[in-house]
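Input: a single structure, listed below in structure tokens.
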Amino acid sequence: MTEDLSPAERYAAARKRAVEQATALASFREMYDFGLDPFQIEACQALEAGKGVLVAAPTGSGKTIVGEFAVHLALQQGKKCFYTTPIKALSNQKYQDLAKRYGADKVGLLTGDNSVNSDAPVVVMTTEVLRNMLYAGSQALINLGYVVMDEVHYLSDRFRGAVWEEVIIHLQESVTLVSLSATVSNAEEFGDWLDTVRGDTEVIVSEHRPVPLFQHVLAGRRMYDLFEEGEGSKKAVNPDLTRMARMEASRPSYQDRKRGRNMREADRERERRQRSRIWTPGRPEVIERLDSEGLLPAITFIFSRAACEAAVQQCLYAGLRLNDEDARARVREIVEERTASIPDEDLHVLGYYEWLEGLERGIAAHHAGMLPTFKEVVEELFVRGLVKAVFATETLALGINMPARSVVLEKLVKWNGEQHADITPGEYTQLTGRAGRRGIDVEGHAVVLWQRGFSPEHLAGLAGTRTYPLRSSFKPSYNMAVNLVEQFGRHRSRELLETSFAQFQADKSVVGISRQVQKNEEGLEGYKASMTCHLGDFEEYARLRRDLKDRETELAKQGAAQRRAQAAAALEKLKPGDIIHVPTGKFAGLALVLDPGLPAGRSNGHRGFEHHDGPRPLVLTAERQVKRLASIDFPVPVEALERMRIPKSFNARSPQSRRDLASALRTKAGHIVPDRHRKGRAPAADDREIARLRSELRAHPCHGCDEREDHARWAERYHRLRRDTVQLERRIEGRTNTIARTFDRIVKLLTEMDYLRGDEVTEHGKRLARLYGELDLLASECLRDRVWEDLDPAELAACVSALVFEARVGDDALAPKVPSGKAKAALGEMVRIWGRLDALEEDFRINQAEGVGQREPDLGFAWAVYQWASGKGLDEVLREAEMPAGDFVRWCKQVIDVLGQIAAAAPTGDSTVPRNARKAVDAVLRGVVAYSSVG
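Put into structure tokens, the structure is as follows:
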């Protein structure tokens with residue numbers, strides 16, 4: 017080929033090769049035994065040219081190569097590089113990779129509970145650690161040249177996303193930022209913002225998957241391709257799937273079958289044969305099918321921890337074995353080596369032997385409730401090919417390097433914390449992105465199981481959509497406010513917050529809203545002309561009609577409020593042992609009051625007892641269910657029909673105990689028929705204002721118009737459009753400087769509480785600046801009021817747990833168990849302080865619904881961590897806590913993290929808190945918590 021070139025062209029090519037060989041990228045490429053993709057080369061060249069980069073590419077495409085090139089540049093230039101990740105597990109994994117490549121002496125790790133070689137030129141850390149360093153003005157930031165932000169799309173996370181923006185905004189201008197993101201649909205918008213706040217930033221977007229992904233649906237014994245093979249980019253849904261979905265939708269009901277008894281036998285037989293092909297295969301059946309098709313290793317995503325464990329058990333009971341004897345021996349060897357530090361008595365509690373049996377057969381679960389060490393072993397064995405089927409929750413999709421040949425989704429619906437909702441195209445892309453191992457597999461496979469009501473078109477929409485927009489979740493916090501004011505003063509802090517991505521997106525959205533307002537105003541003119549009446553002012557007549565309707569609605573609401581108040585007053589009179597009749601709702605019928613559930617100030621203040629919407633009685637129904645009812649269950653006042661004694665031995669968690677008491681309840685009051693509540697006369701019948709408005713309407717000239725109702729329809733349209741336009745104008749006003757306005761309200765509250773005085777941060781404010789977390793202000797107030805003085809280490813750990821713990825499911829049936837004595841008093845005082853802060857936030861219009869402010873402390877982990885810090889065994893603690901080991905370890909590590917902050921922030925002198933906080937850390941950091949390297 018070179019012979020065909022002229023001497024001048026050969027000389028130019030040689031010059032070009034020589035220039036390329038002299039670059040840092042050339043020496044970097046030699047470190048890999050595979051060629052780089054065009055998007056990787058483009059990003060690396062931009063970095064070497066001194067630009068920041070945003071790389072948005074699919075999962076598994078190798079975008080971390082760009083991050084590793086930043087590490088290479090930093091070492092070559094004698095600068096530091098911080099590599100940040102969203103989760104500790106990913107930090108640990110990245111640390112291992114970089115230490116292997118560059119040597120353990122050049123790479124460090126900082127994850128809150130792990131610190132290894134933190135002065136190294138390359139340090140892997142969680143994003144929160146870097147944020148804390150920036151606010152503290154850490155010496156480690158000197159000579160920092162590069163920061164890699166892996167999984168930067170995390171800034172959409174509503175709980176932690178703000179941290180990413182804080183880091184991006186506050187990093188020194190001299191630091192080059194490398195942002196690595198999953199494929200997002202608004203990468204250019206995010207790049208524009210990075211360009212604004214960080215300077216010259218190159219946006220590199222790659223939609224190309226290095227390993228092509230094929231989509232399938234498994235129904236019965238057959239695996240169908242989702243898309244029909246054809247020409248062009250527009251893929252058609254497999255007609256077989258469409259036909260099956262249509263046939264299932266038309267499956268006759270019992271009545272239809274009765275009516276169709278005269279159907280010809282041949283037709284019935286044909287229909288039976290067709291339908292017999294459609295069913296949802298069981299989990300062992302799915303794995304066997306994938307194995308026979310050569311599609312293992314596979315990850316099956318199930319959106320439930322319990323279902324992941326159940327899936328492993330189902331495969332074991334079915335006799336599934338995916339490993340031969342050599343692989344079994346290798347698994348046992350690795351597992352025993354990795355778990356050698358775990359005491360034998362703990363292994364039994366942790367379900368070690370059942371877990372090992374699954375691993376030896378090549379089957380495992382992976383979810384946040386597992387012990388971190390167990391999860392790490394599963395990850396290692398899966399990567400080595402010794403575990404071939406993993407049943408996982410969606411947390412596995414968040415960056416952990418566990419690619420598979422196939423990904424299976426049991427359902428396209430998941431619980432989002434509030435309700436069962438369809439997974440989004442972004443979530444589907446993230447989950448199926450695990451399929452196809454680069455350099456191993458020629459193709460990846462995504463398999464969705466057929467379910468009742470399955471829609472092939474819906475799945476095709478998920479698989480074919482690339483809309484995964486990055487939305488800022490940035491909100492100022494109390495800690496952020498004092499740190500900003502201390503570093504920059506109030507005015508400069510306000511300006512900095514206005515450079516956030518949240519404000520950038522809000523400002524851009526205003527342009528579209530303004531255009532809509534203009535269109536609406538043109539429409540209003542047309543509506544006004546159409547409602548003109550020759551007899552008089554129809555706008556005035558329409559206003560009278562609206563006023564009449566509004567007054568009737570208002571009176572109806574007042575009547576409803578009055579009935580609710582009467583019902584609440586009746587509920588407040590209830591006592592334990594009262595037998596009532598629940599008038600409506602899911603639990604309507606006979607019930608025994610176990611606890612009246614009175615509002616705040618009338619009970620002990622524990623979580624589950626403090627209700628702002630009136631009493632919430634805890635009852636035992638005649639059907640043996642223990643439930644806490646709400647005001648919605650009592651639309652009318654309720655009275656005690658009878659009373660009965662509740663045995664002291666009654667245990668609401670015991671089925672036998674509930675059965676016995678419910679039986680006694682039915683015997684005692686099953687024959688009583690409750691009185692029916694009679695409705696009174698409607699308030700509107702005697703209202704003078706309604707009478708006046710009706711009189712004016714009848715007297716108005718337009719009332720006699722033949723086209724009155726036609727005009728009224730145009731008037732109603734005019735009114736609705738006018739109302740919508742006013743709302744849009746308010747949105748424009750509300751979106752301008754929203755972040756800065758929230759910051760102003762926070763600053764006012766902190767000034768009121770003497771954390772700030774103008775641009776000065778007080779001693780209390782400096783303490784708050786060292787407390788990071790959702791309940792930062794509550795923790796600071798507890799230190800200020802000396803709530804935790806003279807508590808022993810275990811009691812202090814119990815109190816601190818209320819600052820971090822959040823129950824996964826709102827189980828308010830029973831108040832959580834808490835330690836007695838001083839710890840109980842301190843927890844009660846914490847709840848009272850929170851109540852005071854909550855009222856103050858309301859006064860200053862700081863809204864928790866917008867993600868700003870202090871949530872109520874949760875006492876649900878206090879007893880478990882108290883027992884553990886007091887030296888109790890793992891078996892006893894987990895049994896009483898009814899909590900998986902992984903959750904227990906994670907919450908313990910969060911308690912340890914906050915205890916460390918409190919030890920550093922607490923006042924010195926006569927305070928016992930710093931010393932006891934350090935002792936509490938040692939008391940909690942033992943056994944299963946200490947030997948779990950990932951939190």
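Quick note: the sequence shown uses the working numbering, first residue 17, plus one each step. In this text, a Cβ means the ideal position worked out from N, Cα and C, and glycines have one as well.
Exercise for review: Give, in chain order, every unbroken run of the alpha helix (DSSP H) that is at least 4 residues long and sits entirely within the region 177-243.
Suggested key: The qualifying runs are 178-186, 203-214.
Point to revise | Cβ-based burial, glycine 943 [other Cβ within 10 Å; buried from 16] | key: Counting the other CB atoms within 10 Å of its CB gives glycine 943 a total of 16 or more, which places it among the buried residues.
Review point. Which residue comes first and which comes last in the alpha helix (DSSP H) that contains serine 422?
Key: In the DSSP assignment, serine 422 falls outside any alpha helix (DSSP H) and within the unbroken beta strand (DSSP E) covering 422-425.
Exercise for review: State the DSSP-derived secondary structure class of serine 131, mapped to helix, strand or coil.
Suggested key: Reduced to three states, the DSSP call for serine 131 is strand.
Check your understanding: Can you tell which of Met141, Pro359, Tyr734, Arg348 has the C-alpha that lies nearest to the C-alpha of valine 403?
Key -> Taking the Cα of valine 403 as reference, the smallest distance to any Cα among Met141, Pro359, Tyr734, Arg348 is reached at Arg348.
Review point. Looking only at its own chain, which residues have a Cβ that is under 7 Å from the Cβ of proline 631, when we skip the five neighbours before and after it?
Key: So the qualifying residues of the chain are Ala584, Leu587, Glu588, Pro612, Gly613, Leu614, Pro615.
Check your understanding: In chain order, which continuous runs of the alpha helix (DSSP H) of length 4 or greater are located wholly inside the region 721-800?
Key -> Listed in chain order, the complete alpha helix (DSSP H) runs (minimum 4 residues) inside the region 721-800 are 724-751, 754-768, 779-784, 792-800.
Check your understanding: Looking at the structure shown, is histidine 597 part of a helix, part of a strand, or coil, going by DSSP?
Key -> Histidine 597 falls in the strand class under three-state DSSP.
Practice item. Report the three-state DSSP secondary structure of lysine 430 (helix, strand or coil). Key: Residue state, collapsed to three classes: strand.
Exercise for review: Mark glycine 295 as exposed unless 16 or more other C-beta atoms lie within 10 angstroms of its C-beta, in which case mark it buried.
Suggested key: This sequence places tryptophan at residue 295; glycine is not what is there. That one is exposed.
**Study point:** Which of helix, strand or coil DSSP assigns to threonine 637
**Key:** Look at threonine 637 here: in three-state DSSP terms it is strand.
Point to revise | Same chain, Cβ closer than 7 Å to valine 168, five either side skipped, listed in chain order | key: For valine 168, where only same-chain residues beyond five positions count, the Cβ hits under 7 Å are Trp180, Ser195, Leu196, Ser197.
Check your understanding: Under a three-way DSSP split, which group does isoleucine 315 fall into?
Key -> Looking at isoleucine 315 - three-state DSSP - the assignment turns out to be strand.
Review point. Can the beta-carbon of proline 651 be found closer than 8 Å to that of arginine 579?
Key: It is a contact, given that the beta carbons lie within the stated cut-off.
Check your understanding: In its own chain, which residues sit with a C-beta less than 6 Å from the C-beta of alanine 72, not counting the 5 before and 5 after it?
Key -> Residues of the same chain with a CB within less than 6 Å of the CB of alanine 72, apart from the 5 flanking positions on each side, are Ser197, Thr199, Val200, Ala203, Val221 in chain order.
Review point. Relative to the alpha-carbon of glycine 374, which residue among Thr355, Gln330, Ala384 has its alpha-carbon at the smallest distance?
Key: Comparing Cα positions, the closest option is Gln330.
**Study point:** Sequence-distant residues of the same chain with beta carbon closer than 6 Å to glycine 442, five excluded per side
**Key:** Excluding positions up to five away in sequence, the list reads Tyr484.
**Study point:** Identified DSSP bridge partners for methionine 418
**Key:** According to DSSP, which records beta bridges pairwise, methionine 418 is partnered with nothing at all.
Check your understanding: Who are the near neighbours of glutamine 519 in its chain, counting only those whose CB is closer than 6 Å to its CB and skipping five residues on each side?
Key -> Only Ile755 meet the Cβ criterion.
Exercise for review: Could you please give the first and the last residue of the uninterrupted beta strand (DSSP E) stretch that includes tyrosine 484?
Suggested key: Element bounds for tyrosine 484: n/a, residue is neither H nor E.
**Study point:** Rounded straight-line distance, which links the Cα of glutamine 188 to that of glycine 124
**Key:** In this structure, the straight-line span from the alpha carbon of glycine 124 to that of glutamine 188 is close to 21 Å.
Check your understanding: Helix, strand or coil: which one does DSSP assign to aspartate 676?
Key -> In this structure, aspartate 676 counts as helix in the three-state DSSP scheme.
Review point. Under the DSSP definition of a beta bridge, which residues are partnered with glutamate 658?
Key: Note: glutamate 658 sits in a beta bridge opposite Ile595.
Practice item. Work out the CA separation of isoleucine 918 and proline 930 for me, nearest whole Å. Key: In a straight line, the C-alpha of proline 930 is about 7 Å away from that of isoleucine 918.
Review point. If you compare alpha carbons, which of Phe821, Ala384, Val463, Asp563 is closest to lysine 104?
Key: Sorting Phe821, Ala384, Val463, Asp563 by C-alpha distance to the C-alpha of lysine 104 places Ala384 at the top.
Exercise for review: State the Cα-Cα distance for the pair glycine 68 and alanine 42, rounded to the nearest angstrom.
Suggested key: When rounded, the distance between both Cα atoms is 19 Å.
**Study point:** Separation of arginine 421 from arginine 453, as counted between CA atoms
**Key:** Their backbone Cα atoms lie some 6 Å apart in a straight line.
Review point. Which residue from Glu655, Gly76, Val868 puts its Cα closest to that of arginine 225?
Key: Cα-wise, what sits closest to arginine 225 is Gly76.
Review point. Secondary structure at leucine 551, three-state DSSP: helix, strand or coil?
Key: The answer is coil: DSSP assigns leucine 551 none of H, G, I, E or B.
Point to revise | Beta-carbon gap between valine 163 and leucine 126 smaller than 8 Å | key: It is not a contact, given that the beta carbons lie outside the stated cut-off.
Practice item. Quickly, what does DSSP pair aspartate 611 with across the bridge? List them, please. Key: Answer by DSSP bridge pairing, in chain order: Leu634.
Exercise for review: Flag this pair as yes or no: are the beta carbons of leucine 599 and leucine 610 separated by less than 8 Å?
Suggested key: The sequence shown places proline at residue 599, not leucine. At the C-beta level, proline 599 and leucine 610 stay beyond 8 Å of one another.
Check your understanding: Curious, which full-length beta strand (DSSP E) runs of at least 3 residues does the region 97-149 contain?
Key -> If one requires a minimum length of 3 residues, the beta strand (DSSP E) runs lying completely within the region 97-149 are 123-126, 138-142, in chain order.
Exercise for review: Measure the Cβ-Cβ separation of valine 940 and alanine 813 and say whether it is below 8 Å.
Suggested key: Taking 8 Å as the Cβ cut-off, valine 940 and alanine 813 qualify as a contacting pair.
Exercise for review: Determine the closest residue to arginine 783 out of Cys97, Asp53, Ala921, with distance taken between C-alpha atoms.
Suggested key: The shortest CA-to-CA distance from arginine 783 to any of Cys97, Asp53, Ala921 is the one to Ala921.
Review point. Is the beta carbon of arginine 562 sitting closer than 8 Å to the one on histidine 735?
Key: Yes.
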